[in-house]
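Asks:
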Amino acid sequence: MTPTTIAITGASGQLGRLAIAHLKTLTDPAGIVALARDPAKVADLGVAARAFDYTQPETMGAALAGVQTLVLISSNDFNDRVGQHRNVIEAATAAGVGRIVYTSILKADRSPMLIAADHRETEAVIAASGLPAAILRNGWYTENWTANLCGAIAAGALIGAAGTARFTPAARRDYAEALAVVAADAGRVGVLELAGDEGFPLADLAAEVSRQTGKALPYNDLPPEVYQGLLESFGLPAGFAAVLVDVDVKAAGGWLEDESGTLARLLGRPTVRMAEAVAVAM
Numbered sequence: 096m097t098p099t100t101i102a103i104t105g106a107s108g109q110l111g112r113l114a115i116a117h118l119k120t121l122t123d124p125a126g127i128v129a130l131a132r133d134p135a136k137v138a139d140l141g142v143a144a145r146a147f148d149y150t151q152p153e154t155m156g157a158a159l160a161g162v163q164t165l166v167l168i169s170s171n172d173f174n175d176r177v178g179q180h181r182n183v184i185e186a187a188t189a190a191g192v193g194r195i196v197y198t199s200i201l202k203a204d205r206s207p208m209l210i211a212a213d214h215r216e217t218e219a220v221i222a223a224s225g226l227p228a229a230i231l232r233n234g235w236y237t238e239n240w241t242a243n244l245c246g247a248i249a250a251g252a253l254i255g256a257a258g259t260a261r262f263t264p265a266a267r268r269d270y271a272e273a274l275a276v277v278a279a280d281a282g283r284v285g286v287l288e289l290a291g292d293e294g295f296p297l298a299d300l301a302a303e304v305s306r307q308t309g310k311a312l313p314y315n316d317l318p319p320e321v322y323q324g325l326l327e328s329f330g331l332p333a334g335f336a337a338v339l340v341d342v343d344v345k346a347a348g349g350w351l352e353d354e355s356g357t358l359a360r361l362l363g364r365p366t367v368r369m370a371e372a373v374a375v376a377m
């Protein structure tokens, strides 16, 4: 097996699939491994696939054999996220992996957001492992809003608790391509704060939807407890709803805003504009 093998966890997820698709344009697909709980779900990606479950560390050694760069896409299990990440990092160390690329969150080292805590702890575990690492601190995803726009239009309002806080989100495609670029660059280590080129409050997003649809869509800013209740009424678990409410409330501190332009420079192109993201979602 080639020592330049790049393995990507969570390969069956939306980010993982996009990252692998772009990575295939940057390096030999024969050196790419898709890691997923069910390898059959990534058979269409055109790369080698191996079974990989964050909760089964005893099986990880075989899956990581020959891997030089391991892309650790953060788990979506909020119950024991750090524990699962620790399993992967310890297995990578034991398997002789040469570098880890981890998807974190913007300003994770100092952000007071609840969602940042697991990322901050995971970054500490990576640092303690001694493995060279590239930490991609991704900002908010535009799809976190646009994926639900049809429901907002049907309900007659975009809701949140962010007030006039500004976000600099990027599209999933932007983050996936950046992940592929960093994964393909064997010498790339360090922390990258990544965000979109365009900053805006949620009222501007609502205004853009109104412009494109011709239907008035206001942004209704709600008290945190009211927003929490509505999210739960939509079927979200209370804990996850609390995380989303916390994101909105604390966004006023600029924790999901970054105007460094690092992501665009990494991509070699501008990030996806908000208007384009809205158009795609409609």
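Note that the sequence shown covers residues 96 to 377 in the working numbering. Ideal Cβ placement from N, Cα and C applies to all residues, glycine included.
Would you kindly report the start and end of the unbroken alpha helix (DSSP H) that includes residue 167?
Replies: Unbroken run through residue 167 is the beta strand (DSSP E), 162-167; no alpha helix (DSSP H).
Asks: Within 8 Å, do at least three Cβ pairs link the stretch 260-270 to the stretch 319-337?
Replies: Segments in contact, no.
Asks: Taking the alpha carbon of residue 350 as the reference point, which residue from 216, 205, 275 has its own alpha carbon closest?
Replies: Selected option, being the one with the closest Cα: 205.
Asks: Suppose you measure from the CA of residue 169 to the CA of residue 211; what does that come to, to the nearest Å?
Replies: Taking the straight line joining both Cα atoms gives about 12 Å.
Asks: Alpha carbon to alpha carbon, how far is residue 364 from residue 298?
Replies: Using only the alpha carbons, I get a separation of about 27 Å.
Asks: Measuring only the C-alpha atoms, how far is residue 348 from residue 260?
Replies: Looking at the two C-alpha atoms, the distance is approximately 8 Å.
Asks: Between residue 334 and residue 305, what straight-line distance do the alpha-carbon atoms span, to the nearest angstrom?
Replies: C-alpha separation (whole angstroms): 32 Å.
Asks: Using 9 Å as the limit for Cβ to Cβ distance, is residue 122 near chain D?
Replies: Of the protein chains in this structure there is only one, and it is not chain D.
Asks: With C-beta atoms as the reference, is residue 101 less than 9 Å away from residue 159?
Replies: No, the pair does not count as a contact, with Cβ atoms beyond the cut-off.
Asks: With distances taken Cα to Cα, identify the nearest neighbour of residue 120 among 193, 330, 243, 275.
Replies: Taking only the C-alpha atoms, the option nearest residue 120 is 275.
Asks: So for residue 346, helix, strand or coil by DSSP?
Replies: Helix at residue 346.
Asks: What residues in its chain sit with their C-beta under 6 Å from that of residue 224, if we drop five residues either side in the sequence?
Replies: So the qualifying residues of the chain are 184, 188.
Asks: So is residue 96 buried or exposed if we call it buried at 16+ other beta carbons inside 10 Å?
Replies: With a pLDDT of 40 at residue 96, under the threshold of 50, the modelled position of this residue cannot be trusted, and the question is left open.
Asks: Which stretch, first to last residue, makes up the alpha helix (DSSP H) that contains residue 263?
Replies: No alpha helix (DSSP H) holds residue 263; DSSP gives it neither H nor E.
Asks: Okay, do the stretch 281-300 and the stretch 116-134 touch, 3+ Cβ pairs below 8 Å being the bar?
Replies: They do not touch, by the three-pair rule.
Asks: Confirm, please, whether the CB-CB distance from residue 129 to residue 107 is below 9 Å.
Replies: For residue 107 and residue 129, yes; Cβs fall inside 9 Å.
Asks: Is it right to say residue 310 is buried, meaning 16 or more other beta carbons lie within 10 angstroms of its own, or is it exposed?
Replies: Classification of residue 310: exposed, given that the 10 Å Cβ count is below 16.
Asks: Answer yes or no: do residue 194 and residue 227 have a C-beta to C-beta separation smaller than 9 Å?
Replies: It is a contact, given that the beta carbons lie within the stated cut-off.
Asks: Taking 8 Å as the cut-off, does the stretch 270-289 touch the stretch 232-251 (at least 3 CB pairs, one atom from each stretch)?
Replies: With a cut-off of 8 Å, the stretch 270-289 and the stretch 232-251 count as touching, because enough Cβ pairs lie within range.
Asks: Would you kindly report the start and end of the unbroken alpha helix (DSSP H) that includes residue 216?
Replies: Residue 216 -> alpha helix (DSSP H) spans 209-224.
Asks: Less than 9 Å separating the beta-carbons of residue 148 and residue 176?
Replies: Result no, Cβ atoms of residue 148 and residue 176 do not sit closer than 9 Å.
Asks: How far does the beta strand (DSSP E) with residue 288 in it extend, from its first residue to its last?
Replies: Element bounds for residue 288: 285-289.
Asks: Can you check DSSP and say which residues form a bridge with residue 228?
Replies: Its beta-bridge partners are 195.
Asks: Run through the stretch 126-185 for me and flag every whole beta strand (DSSP E) of 3 or more residues, listed as ranges in chain order.
Replies: As far as the stretch 126-185 is concerned, its whole beta strand (DSSP E) runs of at least 3 residues are 127-131, 143-146, 162-167.
Asks: Does the Cβ of residue 109 have 16 or more other Cβ atoms within 10 Å, making it buried, or fewer, making it exposed?
Replies: By the neighbour-count rule (16 or more Cβ atoms within 10 Å), residue 109 is not buried but exposed.
Asks: For residue 353, which three-state DSSP category applies?
Replies: In the structure shown, residue 353 sits in coil (DSSP, three-state: anything other than H, G, I, E or B).
Asks: Verify whether the separation of the beta carbon atoms of residue 252 and residue 307 is less than 9 Å.
Replies: Contact flag unset, no.
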